[in-house]
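Here is the structure we will look at, set down as structure tokens.
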Amino acid sequence: MKKTTPSKLQFETLAVHSGTKPDPVTGATSPAIHQSSSYVFRDTKHAANVFALKEPGFIYSRVTNPTVAQLEEKIAALEGGTGATCTSSGLSTNLLAFSALMSAGDEFVATQKLYGGSAGQFRDTFSRSFGWTCHFTDPDKPEDFKRKITEKTKLIFIESLSNPQGVIPDLEFYAKIAQDAGIPLIVDNTVATPYLCKPFDYGADIVVHSTTKYFSGHGQAMGGAVVDGGTFDWMKHAKKFLQLTTEVSGYRGVIFARDFKECPYAMYNHAVGLRDLGMNQQPMNAYLTMLGMETLPLRMRAHSENAIKVAEYLSKHEAVSWVSFAGLPSSPYYKNAQKYMRNGWASSLFTFGLKGGYNAGTALVENVQLFRHLANIGDTHSLIIHPASTTHAQLTDEQKIAAGCGPDVIRVSIGIEAPEDLMADLDQALKTAKAKAA
Ligand SMILES: *Cc1c(COP(=O)(O)O)cnc(C)c1O
20 MKKTTPSKLQ
30 FETLAVHSGT
40 KPDPVTGATS
50 PAIHQSSSYV
60 FRDTKHAANV
70 FALKEPGFIY
80 SRVTNPTVAQ
90 LEEKIAALEG
100 GTGATCTSSG
110 LSTNLLAFSA
120 LMSAGDEFVA
130 TQKLYGGSAG
140 QFRDTFSRSF
150 GWTCHFTDPD
160 KPEDFKRKIT
170 EKTKLIFIES
180 LSNPQGVIPD
190 LEFYAKIAQD
200 AGIPLIVDNT
210 VATPYLCKPF
220 DYGADIVVHS
230 TTKYFSGHGQ
240 AMGGAVVDGG
250 TFDWMKHAKK
260 FLQLTTEVSG
270 YRGVIFARDF
280 KECPYAMYNH
290 AVGLRDLGMN
300 QQPMNAYLTM
310 LGMETLPLRM
320 RAHSENAIKV
330 AEYLSKHEAV
340 SWVSFAGLPS
350 SPYYKNAQKY
360 MRNGWASSLF
370 TFGLKGGYNA
380 GTALVENVQL
390 FRHLANIGDT
400 HSLIIHPAST
410 THAQLTDEQK
420 IAAGCGPDVI
430 RVSIGIEAPE
440 DLMADLDQAL
450 KTAKAKAA
């Protein structure tokens, strides 16, 4: 759970070395998959101490698991946080992250242009089942954020690079709003990854991830992570954040913000959050994700460079009416990409519009041969989807357009193949689609 690797090392080195040490008993160089539910105590005193959080140790894999703990250390090191808590999926990170901060009747503010799954979770289940009200705000009008903050507001939630609209918000601006209001800024850094953007460097307090995407990187393992920046002064705002600043059940005498100086929030998320909500990550998934993360810098480079080439190519294609990608100077978010993302890269996810509308969209998806038609992003393979007929099919036309997923929109996640082959595949599919329509 804790970050112990010195952060003077470069990102590429941390991606390989942090978290994963050779096994002290066997010398095994690859992390062990601890497929164990529970852990034998040395004696009754040891058991009592571990239960009371007086000494670190493993009790039960719902709360901590040695394989998952290695992944947590790697993610904390790469983000520059002080601790992390891994979960079963990206979407369950929001539930874990918020449960430490919110109570029924509380409010939070988020941008409108978010991953569809998060927007739906905030709008429906969080309000209906938990009484957490989300005020959605236009990311292009950041001033509106201030007006939505009330005494009950407990956090601000944004994506560093939004899926699929490609919004890159002015992170420092949002960090300042959060700081002035005495509440944490939570940034979903799934699409950018810490290789392109480190939200903690710009004032974020908490970072969340779907590790399903670029971290695991090969479309092979679901997972999520909540990272503690270790910077938010919970005690200064003690009345707002009672979970962290007063005693909680099961841990008599413990006050997380007082007793765990380095990563109180990550400690709470394990000891209380995972204990009570149970969205722990499985050790096999943690193993696969760690393996993927060793090549994160190499893959993010290839993803980002390929995406710029393919996006430039599409922006000149006769069948394409527009391309929305923060990696191109035509994007309103290009400036923020230059400011917040390594080399101005904008990851590999973008949308474009077809002159032929809905039918051209479905025809393109049917005729690609290398691109895989599926609902994921951040895979080594290039992926394609027509949101209006799939992920966003349930919305009204108006809602689709507001979400950036109108009838003509195609979403791609560019993989690490040779970009020439990807362009040739799109070209033949666009031609076939056009011939069929004629
Ligand atoms: C996919 C995604 C999630 C949800 O993650 P799952 O692993 O699918 O549960 C959250 N945020 C963003 C930005 C995503 O792309």
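Each residue of the sequence shown is one higher than the one before, counting from 20 in my numbering.
Built from N, CA and C at the ideal position, the CB exists for glycine as well.
Computed from a predicted structure; not experimentally measured.
Span separating the alpha-carbon of residue i from that of residue j
i	j	result
Glu282	Lys255	What sits at residue 282 in the sequence shown is Cys, not Glu. Straight-line Cα distance between these residues: approximately 16 Å.
Leu110	Leu445	31 Å
Phe149	Gln140	11 Å
Tyr284	Glu31	27 Å
Lys22	Gln262	Residue placement at Lys22 is flagged as unreliable, the pLDDT there being 48, under the threshold of 50; the coordinate-derived value follows with that caveat. Their Cα atoms are separated by approximately 23 Å.
Tyr58	Gln301	16 Å
Gly10	Lys232	Residue coverage of the chain in this structure runs from 20 to 457, which leaves residue 10 outside it and unanswerable.
Phe390	Pro438	12 Å
Pro50	Val44	12 Å
Ala240	Leu307	7 Å
Leu347	Tyr359	15 Å
Thr169	Gly136	25 Å
His411	Phe344	20 Å
Leu441	Asn378	22 Å
Thr212	Asn299	21 Å
Asp278	Gly249	13 Å
Gly363	Gln413	35 Å
Asn395	Thr264	39 Å
Leu33	Ala356	24 Å
Ala330	Ser146	38 Å
Phe260	Lys27	33 Å
Ile78	Asp295	15 Å
Gly297	Ser80	10 Å
Ala530	Gly272	In the structure displayed, the chain extends from 20 to 457; residue 530 sits before or after that span and is not available.
Ser408	Glu385	12 Å
Pro218	Gln388	37 Å
Residue i and residue j closer than 7 Å at C-beta
i	j	result
Leu133	Ser366	no
Thr152	Ala305	no
Asp247	Gly102	yes
Thr104	Val267	no
Pro183	Arg361	no
Ala119	Tyr287	yes
Thr399	Ile435	yes
Thr83	His405	no
Leu90	Met309	yes
Sequence-distant residues of its chain with Cβ nearer than 8 Å to residue i (five each side left out)
i	result
Gly375	Ala338, Ala382, Asp427, Ala452, Lys453, Ala456
Glu191	Tyr221, Gly222
His65	Glu74, Gly76
Cβ neighbours of residue i in the same chain (closer than 6 Å, five flanking residues each side left out)
i	result
His154	Val128, Lys167
Leu333	Val339, Val342, Phe371
Leu204	Ile175, Tyr193, Ala194, Ala197, Ala223, Asp224
Thr24	The predicted model places Thr24 with a pLDDT of 44, which falls under 50 and marks its position as unreliable; any figure quoted below should be read in that light. Result list for Thr24: Ser37, Ala96, in chain order.
Leu114	none
Close beta carbons around residue i, own chain, < 7 Å, minus the five adjacent residues each side
i	result
Gln131	Phe155, Thr156, Asp157, Pro158
His336	Leu449
Thr48	Pro41
Gly423	Lys132, Pro183, Gln184, Thr370
Tyr214	Phe30, Leu315, Pro316, Met319, Arg361
Outcome for residue i when other beta-carbon atoms lying within 10 angstroms are tallied against a minimum of 16
i	result
Gly236	buried
Ser37	buried
Phe70	exposed
Asp416	exposed
Gly292	buried
Asp207	buried
His392	exposed
Asp199	exposed
Thr144	exposed
Asn165	Strictly speaking, residue 165 in this sequence is Lys, with Asn absent from that position. Classification for Lys165: exposed.
Met121	buried
Thr39	buried
Ser229	buried
Range covered by the beta strand (DSSP E) that runs through residue i
i	result
Ser343	339-343
Thr156	152-156
Val59	Here Val59 belongs to no beta strand (DSSP E), and DSSP marks it neither H nor E.
Ser334	Taken as a continuous stretch (DSSP letters only), Ser334 belongs to no beta strand (DSSP E), being part of the alpha helix (DSSP H) at 315-334.
Gly243	243-247
Ile225	225-229
Thr130	126-130
Val206	204-207
Ala116	Here Ala116 belongs to no beta strand (DSSP E); instead the alpha helix (DSSP H) covers 109-118.
Extent of the continuous alpha helix (DSSP H) run through residue i
i	result
Ser179	Unbroken run through Ser179: none, as it is neither H nor E.
Arg361	Arg361 -> no alpha helix (DSSP H), and no H or E assigned at all.
Arg430	Unbroken run through Arg430 is the beta strand (DSSP E), 428-432; no alpha helix (DSSP H).
Gly139	135-139
Ile196	190-200
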